[in-house]
Amino acid sequence: MARIVLENLSKTFKGPKGEPVYAVNNVNLTIEDRELLVLVGPSGCGKSTTLRMIAGLDEVSRGTISIDGTIINEVEPRDRDVAMVFQNYALYPHMTVYENLAFGLKLRKYPRAEIEKRVREAGETLGITPLLDRLPKALSGGQRQRVALGRAIVRQPKAFLFDEPLSNLDAQMRVQMRTEISKLHQRLAATMVYVTHDQVEAMTMGDRIAVMKEGVVLQIADPIQLYNHPANLFVAGFIGSPPMNFFRGALRHEPDGACFVEQGQTNGEKAAGFKLKLPPEHSTKLASSAGKPVVLGLRPEDITLSMNGAVATSGSTVDAVVELVEPLGSETLFHLNSGVHSFIARLGAAQRMAPDQKVRAAFNPARFRFFDSMTGQAIA
Ligand SMILES: Nc1ncnc2c1ncn2[C@@H]1O[C@H](COP(=O)(O)OP(=O)(O)OP(=O)(O)O)[C@@H](O)[C@H]1O
Ligand SMILES: [Mg+2]
């Protein structure tokens, strides 16, 4: 059982002039018992610092960390009963895999038989039993990372903390290890905090995801909620690959209903672009934003394409030019330009369009997301 609660957690470092610089800024986060929570965000956003404070490797500047209701700010790292797995797995080079796995338990004076039992079990769980007598230098990167995982598993900790454990592996091995860690999570039913800057890892592994930027947690939600209802422009642009398309413009209320009018610049000149009718349910939600600058967000898969001249559903299509085609085998990405904005449509592999071709892009209005241009916060 391990429920980890971070309350008003901050970490400051001294800046060049002695001023405090926030690496982590007032984070409030609850990691439920047996949950796999992913902390994701760009480089430098405070992910590792947050994790290191939970592990006790970095001192807390302000706020509290508690596990199962007990504040652990002052508890020594080795008494916290959490195990951390790092990116550079730093195995002891002169020890065999078996000895590497056993080392932590020996230090903690576990009985020999118990050590043997735990090491064998971890070996089986991770599929590294045949490697137990080898030295780390005789292992591949993926095998070494498994041993590093094993060192955490044998401790049977209350919680596992992972800091980008897969980033030294090649793309294929990453995918394999990713599923292995997910399976491990199901099997061990342990609380896990997993740090990554890779949004695919975050989406596929997390029960919930906390998106961080500049020391602040911007949104905490399950993957689908995060994908479908990002709380702000940053999350909308960070989660999803290719990212959500953004169109700057304004909302207008016209006699026949609300509409979005694209606005932007073409060659430094202010330019008006396309106009899209909004479904009635949007009109009510957006009423207070009428006339204000907004950003329309739409995911690439919510756009379909037809040749110019095809029959269009009135008010929901945009004329565009194909700039680039990226065939990915299972699907094709079309880079398009509306005259004011570039955007991407994701379509089935069968769709054929060539660069410079004029097309009509149909936007799915049910999937429109609107953000306040000034604050970046979601409006609807
Ligand atoms: N010892 C330190 N002294 C001063 N600043 C630090 C120190 N450690 C970290 N920082 C700063 O704190 C911020 C957060 O760092 P942190 O390592 O937590 O980022 P991260 O999200 O893990 O990034 P990455 O994805 O690159 O690992 C960064 O701006 C970093 O430069
Ligand atoms: Mg880091």
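Straight run, no breaks: the sequence shown in numbering that gives the first Met the number 0 ends on number 379. Ideal placement from N, C-alpha and C gives every residue a C-beta, glycine not left out. In this text, all values refer to a predicted model and were calculated from it rather than measured experimentally.
8 Å contact criterion, which residue i and residue j should meet: CB distance rounded
i       : j       : result
Ala-365 : Ala-344 : Not really, about 16 Å apart at Cβ, beyond 8 Å.
Leu-380 : Gly-263 : Because residue 380 is not part of the residues shown, which for the chain are 0 to 379, the question remains open.
Tyr-88  : Arg-143 : 5 Å
Asn-60  : Thr-11  : Just to set this straight, residue 60 is Ser in the shown sequence, not Asn. Confirmed, about 5 Å.
His-281 : Phe-370 : With 8 Å as the limit, His-281 and Phe-370 do not qualify as a contact, their Cβ atoms being about 13 Å apart.
Val-74  : Gly-103 : About 18 Å; that fails the 8 Å criterion.
Glu-261 : His-340 : 7 Å
Leu-232 : Gly-45  : With a Cβ gap of about 20 Å, Leu-232 and Gly-45 do not count as contacting.
Simplified DSSP state of residue i, which is helix, strand or coil
i       : result
Glu-31  : coil
His-316 : First, the residue type needs correcting, since residue 316 is Thr and not His in the sequence shown. Strand, per DSSP.
Val-234 : helix
Pro-222 : helix
Lys-116 : helix
His-228 : coil
Arg-359 : strand
Length of the line joining the Cα atoms of residue i and residue j
i       : j       : result
Lys-105 : Gln-175 : 31 Å
Met-52  : Glu-58  : 6 Å
Asp-426 : Ala-353 : The first residue shown for the chain is 0 and the last is 379, placing residue 426 beyond what the model contains.
Asn-363 : Val-153 : 51 Å
Pro-279 : Gly-256 : 7 Å
Asp-355 : Phe-342 : 14 Å
Val-253 : Leu-277 : Per the sequence shown, the amino acid found at residue 253 is Glu instead of Val. Whole-angstrom Cα-Cα distance: 11 Å.
Asn-99  : Ala-158 : 20 Å
Cys-258 : Ser-372 : 16 Å
Ile-30  : Lys-136 : 36 Å
Residue from the options whose Cα sits closest to the Cα of residue i
i       : options                           : result
Val-199 : Gly-126, Asn-25, Arg-177          : Arg-177
Met-94  : Leu-134, Asp-169, Pro-254         : Leu-134
Glu-6   : Glu-34, Ile-66, Pro-15            : Ile-66
Asp-301 : Ser-315, Lys-108, Lys-291, Cys-44 : Ser-315
Asp-169 : Asp-78, Gly-140, Pro-156          : Gly-140
Ile-71  : Ile-3, Gly-122, Leu-183           : Ile-3
Arg-151 : Gly-122, Gln-171, Asn-167         : Sequence check: residue 151 is Ala here, not Arg. Here the closest residue by C-alpha is Gly-122.
Glu-179 : Val-192, Thr-69, Leu-148          : Leu-148
Ser-47  : Ile-114, Phe-161, Phe-246, Pro-92 : Phe-161
Glu-115 : Val-146, Tyr-97, Pro-129, Asp-221 : Tyr-97
Leu-332 : Pro-299, Glu-18, Val-317, Gly-338 : Pro-299
Beta-carbon proximity list for residue i, same chain, < 6 Å, skipping 5 on both sides
i       : result
His-334 : Glu-322, Leu-323, Ile-343
Ser-305 : Arg-359
Beta-carbon proximity list for residue i, same chain, < 8 Å, skipping 5 on both sides
i      : result
Gly-62 : Leu-5, Glu-6, Asn-7, Leu-8, Ser-9, Asn-25, Val-26
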